[in-house]
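Participant: Here it is: the structure, laid out below.
There are 2 protein chains.
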Amino acid sequence: MVQPQRPLSRKEIRQENERLILDAAEKVFAEAGFGGATMQLIADLAGLPKANLHYYFPTKEALYRRVVQDIFHVWLQAADIFDDASDPVEGIGAYIDAKMEISRRHPAGSKVWASEVMHRAPVIQDYLETTLVEWTEDRMAVIHRWIREGLMDPVDPRHLLYMLWATTQHYADFGHQIETLNGGRPLSDEEWAAAKASVKTIILNGIGARTAQ
Amino acid sequence: MVQPQRPLSRKEIRQENERLILDAAEKVFAEAGFGGATMQLIADLAGLPKANLHYYFPTKEALYRRVVQDIFHVWLQAADIFDDASDPVEGIGAYIDAKMEISRRHPAGSKVWASEVMHRAPVIQDYLETTLVEWTEDRMAVIHRWIREGLMDPVDPRHLLYMLWATTQHYADFGHQIETLNGGRPLSDEEWAAAKASVKTIILNGIGARTAQ
DNA sequence: CTACTTTTTGACCATACGGTCAGAAAAAGA
DNA sequence: TCTTTTTCTGACCGTATGGTCAAAAAGTAG
Numbered sequence: 000m001v002q003p004q005r006p007l008s009r010k011e012i013r014q015e016n017e018r019l020i021l022d023a024a025e026k027v028f029a030e031a032g033f034g035g036a037t038m039q040l041i042a043d044l045a046g047l048p049k050a051n052l053h054y055y056f057p058t059k060e061a062l063y064r065r066v067v068q069d070i071f072h073v074w075l076q077a078a079d080i081f082d083d084a085s086d087p088v089e090g091i092g093a094y095i096d097a098k099m100e101i102s103r104r105h106p107a108g109s110k111v112w113a114s115e116v117m118h119r120a121p122v123i124q125d126y127l128e129t130t131l132v133e134w135t136e137d138r139m140a141v142i143h144r145w146i147r148e149g150l151m152d153p154v155d156p157r158h159l160l161y162m163l164w165a166t167t168q169h170y171a172d173f174g175h176q177i178e179t180l181n182g183g184r185p186l187s188d189e190e191w192a193a194a195k196a197s198v199k200t201i202i203l204n205g206i207g208a209r210t211a212q
Numbered sequence: 000m001v002q003p004q005r006p007l008s009r010k011e012i013r014q015e016n017e018r019l020i021l022d023a024a025e026k027v028f029a030e031a032g033f034g035g036a037t038m039q040l041i042a043d044l045a046g047l048p049k050a051n052l053h054y055y056f057p058t059k060e061a062l063y064r065r066v067v068q069d070i071f072h073v074w075l076q077a078a079d080i081f082d083d084a085s086d087p088v089e090g091i092g093a094y095i096d097a098k099m100e101i102s103r104r105h106p107a108g109s110k111v112w113a114s115e116v117m118h119r120a121p122v123i124q125d126y127l128e129t130t131l132v133e134w135t136e137d138r139m140a141v142i143h144r145w146i147r148e149g150l151m152d153p154v155d156p157r158h159l160l161y162m163l164w165a166t167t168q169h170y171a172d173f174g175h176q177i178e179t180l181n182g183g184r185p186l187s188d189e190e191w192a193a194a195k196a197s198v199k200t201i202i203l204n205g206i207g208a209r210t211a212q
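Heads up: the sequence lines are chains Z and A, in that order. For the first sequence, numbering that gives the first Met the number 0 begins at 0 and goes up steadily by one. For the second sequence, numbering that gives the first Met the number 0 begins at 0 and goes up steadily by one.
Right under this line is the structure:
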């Protein structure tokens, strides 16, 4: 272990500890659900005494709320790709790649999100009703434009989006099932590439996506 | 309330109460997760005193186990359709219809299953490793046959199955999100029909499914 | 009706959990 | 150095929860 020479400043201590706690909390909430998670477990995983958690986050709910909000923002960012594209092959293809990558790198976050929504979004319902609704409408507009431009078949954009979310997040949320069906081994680099390719092929084919000239 | 003339026999009492408890448990486990569910809540919903639950199911875990097992069997049955079909348009189309119908009629069951798998299948891992593995291999063989017969494109059957599961179950597991994006209203009959149609169109198109002559 | 078995239930218990607090330790400022 | 502010932490508390139990109620068989 390399010890820093200078003692950490207060700001650094705060940032470092909040990070430790949030990372641990994400994992524990993902593995046990909100109800099954305990502050003690999170504290142990973060390597801090339980009372210290309550110093940074007053309640279990406040901590959970922060975890869910952080995840939501990661996801929103990942969707910028969508807008910059000139055709569905590029836009939806890149979106699938991005979401599959998130499923691979942050499966815990995806599970926490899924759990939150499954339980009727007790803490982020307001986000769903505002930010997510806007986000969805914007992307639906893009898809409608592509349809008008003859770049893809006239599918219902809403259900296309649901399919994109469902399919990509499945690789995180049901990762354990996939691993079991893969002989107990996590997907290798090649298998992840094959998964991405399969998803892209079927969906892009399925909506008759064409590239812009 | 219509009261039966004859008092219930012991066998009837047992069946009736187990059914009441299992139905209530499915709902509560779905809404709160295993950790968040309480025996008291289940008891209240079932209209029985808590001690009575422990008479029929010794522990919370035993009750949960039965709920998950029951769901698993419903799903396995729904897949018989797959085998009886002579081509992917019929087989996969009917499978999508069946799974969408389950998502619509038994969303709680789907959520319990999702939660169980997300938490690394603590109670049904053995089922995953035996029954589900067999089931999956059988269906993969069917898909491989359809590919050999030129009835669909040579897609990876594994990832096609994942896409089918992901897409159909999404309408149950993320039903709350879908409802929110639908203006706060649950999907109407017509909207469910549109959802089914969208999923079938995109996937069957996506794999180049053709009907047998 | 009588003896027996199954079912029901209120009261109770031990434990685990979220949260509090007072005082110690450490950093920052003068 | 001395004072103030922030961070840390063991010990503690009230409550909610899963589970138990003994006795009552209800069904069954003769």
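Glycine included, every Cβ here is placed at the ideal spot set by N, Cα and C.
1. At the 7 Å Cβ level, is G34/A part of the contact set with chain Z, yes or no?
2. Look at the alpha carbon of H169/Z and the alpha carbon of Q212/A, and state the distance between them as a whole number of angstroms.
3. CB-CB under 7 Å to K59/A, same chain, minus the five flanking residues each way: which ones, in chain order?
4. With a threshold of 8 Å, are at least 3 pairs of Cβ atoms found where one atom belongs to the region 167-187 of chain A and the other to the region 182-198 of chain Z?
5. If we count the other Cβ atoms within 10 Å of its Cβ and call it buried at 16 or more, is I70/Z buried or exposed?
6. Locate the alpha helix (DSSP H) running through P121/Z, then write down its first and last residues.
7. Hey, does G205/A have any beta-carbon neighbour from chain Z nearer than 7 Å?
8. Mind listing, in chain order, the continuous alpha helix (DSSP H) runs of no fewer than 4 residues lying wholly within the region 55-123 of chain Z?
9. Specify, as a first and last residue, the run of the alpha helix (DSSP H) that R9/A falls within.
10. Below 7 Å between beta carbons: does that hold for A23/A and L44/A?
11. Can you list the residues of chain Z that Y63/A reaches, using a CB-CB cut of under 7 Å?
12. Quick one: Cα of I202/Z to Cα of M162/A, how far?
13. Can you give the Cα-Cα distance for E89/Z and V198/A, rounded to whole angstroms?
14. Which same chain residues end up closer than 8 Å to F286/Z when comparing Cβ atoms and leaving out the 5 residues on each side of it in sequence?
15. Give the straight-line distance between the Cα atoms of A113/Z and E30/Z, rounded to the nearest whole angstrom.
16. If distances are taken between C-alpha atoms only, which option among M151/A, W164/A, L75/A, P48/A comes closest to T130/A?
17. Within the 7 Å Cβ cut-off, does Q176/Z reach chain A?
18. Along chain A, in chain order, which residues have C-beta atoms closer than 8 Å to that of A193/Z?
19. Would I91/A pass as an interface residue toward chain Z - the criterion being a Cβ-Cβ separation below 7 Å?
20. From the DSSP output, in three-state form, read off Q212/A for me.
Facilitator: Reading off the structure:
1. Taking the second sequence and counting its residues from 1, one reaches residue 34/A at position 35. At least one chain Z Cβ lies under 7 Å of G34/A.
2. Working through the first sequence from its first residue, we reach residue 169/Z at position 170. Working through the second sequence from its first residue, we reach residue 212/A at position 213. Straight-line Cα distance between these residues: approximately 35 Å.
3. Within the second sequence, numbered from 1, the residue matching residue 59/A stands at position 60. If we look at K59/A and ignore the five residues flanking it on each side, its Cβ neighbours are M38.
4. no
5. On the first sequence, residue 70/Z is found 71 positions in, with the first residue counted as 1. Buried.
6. Reading the first sequence from its first residue, position 122 is the one you call residue 121/Z. Here P121/Z belongs to no alpha helix (DSSP H), and DSSP marks it neither H nor E.
7. Residue mapping note: residue 205/A aligns to position 206 of the second sequence, counting from 1. At least one CB atom of chain Z sits nearer than 7 Å to the CB of G205/A.
8. 59-77, 79-83, 87-104, 106-117
9. One-based indexing of the second sequence puts residue 9/A at position 10. Run containing R9/A: 9-35, per the alpha helix (DSSP H) assignment.
10. As a working note, residue 23/A is residue 24 in the second sequence. As a working note, residue 44/A is residue 45 in the second sequence. For the pair A23/A and L44/A, the CB atoms are nearer than the 7 Å cut-off.
11. Stepping through the second sequence from its first residue, residue 63/A is reached at position 64. Going along chain Z, no residue has its Cβ under 7 Å from Y63/A, so there is no contact; the nearest lies around 12 Å.
12. In the first sequence, the residue the question calls residue 202/Z occupies position 203. In the second sequence, the residue the question calls residue 162/A occupies position 163. Annotation: I202/Z to M162/A spans about 10 Å, alpha carbon to alpha carbon.
13. Residue 89/Z sits at position 90 when you count from the first residue of the first sequence. Residue 198/A sits at position 199 when you count from the first residue of the second sequence. Cα-Cα distance, rounded: 22 Å.
14. The displayed coordinates of chain Z run from 0 to 212. Any statement about residue 286/Z would go beyond what the structure contains.
15. Here residue 113/Z is taken as the residue at index 114 of the first sequence, counted from 1. Here residue 30/Z is taken as the residue at index 31 of the first sequence, counted from 1. For A113/Z and E30/Z, the distance between alpha carbons rounds to 12 Å.
16. One-based indexing of the second sequence puts residue 130/A at position 131. Checked all of M151/A, W164/A, L75/A, P48/A; the closest Cα to T130/A is L75/A.
17. For the purposes of this step, residue 176/Z is identified with residue 177 of the first sequence, where counting begins at 1. Nearest CB-CB separation between Q176/Z and chain A: below the 7 Å threshold.
18. Start at 1 with the first residue of the first sequence, and residue 193/Z comes out as number 194. By Cβ distance, chain A contributes D155, H158.
19. Locating residue 91/A in the second sequence gives position 92, where the first residue counts as 1. So, not an interface residue.
20. For the purposes of this step, residue 212/A is taken as the residue at position 213 of the second sequence. Note: Q212/A maps to coil in three-state DSSP.
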